[in-house]
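Take 23 as the starting number for the sequence shown in my numbering and just add one per residue. A short write-up of the structure that comes next.
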Amino acid sequence: MKDFKATRFHYQQAKKIDNILKNPKVVNKGHILLLDGLSHAHPDFMKVRAELMERNPYFKLKSASDFMIDVGLSHNVIALDTRIVGILKDYFGLNLDVNRVQGNKTIYESIERAIRDACEKLGISLAHLDRMLFRFSGKDTIAFILEDL
23 MKDFKATRFH
33 YQQAKKIDNI
43 LKNPKVVNKG
53 HILLLDGLSH
63 AHPDFMKVRA
73 ELMERNPYFK
83 LKSASDFMID
93 VGLSHNVIAL
103 DTRIVGILKD
113 YFGLNLDVNR
123 VQGNKTIYES
133 IERAIRDACE
143 KLGISLAHLD
153 RMLFRFSGKD
163 TIAFILEDL
């Protein structure tokens with residue numbers, strides 16, 4: 023991981039990956055179980071996210087949501103990371119620290135629900151907004167995207 027510069031804390035991340043791969047709820051006898059029984063067609067994204075977090079204790083709300091978007095399990099979630107919480111602070115006056123948002127299920131889901139409502143009015147999914155903000159994270163682009171909200 024150090025050679026690929028995939029993370030700043032390569033040793034800790036390598037340790038986490040090793041622990042995840044040793045978790046029988048994730049991988050058992052060479053079979054990947056993490057996604058068993060989970061479907062992108064499942065209407066209750068909150069249950070899917072909770073199940074992922076149960077199976078992989080390293081997943082928290084943000085990382086489970088990010089994973090769900092990446093593998094196509096849901097387009098109805100958003101990964102409330104530093105970038106998005108910063109946008110909410112700068113443009114909408116959110117007065118919460120990113121750690122508080124990510125560490126409090128009630129706050130996380132409340133913010134996610136509010137963003138979901140705004141996205142529905144615009145006709146886009148939360149996952150689409152998440153990826154747009156990730157890809158175009160410059161202030162000018164963000165101001166342009168958020169102009170319609």
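Just so you know, even glycine gets a beta-carbon here, dropped at the ideal spot from N, CA and C.
For my contact list, residue i and residue j are in at a C-beta cut-off of 8 Å; report their separation, rounded to the angstrom.
i, j, result
"residue 96", "residue 123", "Not really, about 19 Å apart at Cβ, beyond 8 Å."
"residue 130", "residue 148", "With 8 Å as the limit, residue 130 and residue 148 do not qualify as a contact, their Cβ atoms being about 13 Å apart."
"residue 127", "residue 155", "So it is not a contact: roughly 22 Å between Cβ atoms."
"residue 94", "residue 53", "Their Cβ separation, rounded to whole angstroms, is 20 Å, which puts residue 94 and residue 53 out of contact at 8 Å."
Determine the burial state of residue i: buried for a count of at least 16 other Cβ atoms within 10 Å of its Cβ, exposed for fewer.
i, result
"residue 77", "buried"
"residue 136", "exposed"
"residue 144", "exposed"
"residue 114", "exposed"
"residue 88", "buried"
"residue 142", "exposed"
Using 8 Å as the threshold, is the C-beta distance between residue i and residue j below it?
i, j, result
"residue 107", "residue 99", "no"
"residue 48", "residue 60", "no"
"residue 75", "residue 86", "yes"
"residue 44", "residue 80", "no"
"residue 139", "residue 91", "no"
### Task
For the region 37-85, list the alpha helix (DSSP H) runs that are entirely contained and at least 4 residues long, ordered along the chain.
Whole alpha helix (DSSP H) segments, 4+ residues: 67-77.
### Query
What are the uninterrupted segments assigned as alpha helix (DSSP H) that are 4 or more residues long and contained completely in the region 102-165, given in chain order?
Counting only runs that start and end inside the region 102-165, the alpha helix (DSSP H) elements of at least 4 residues fall at 104-114, 120-125, 127-144 and 148-157.
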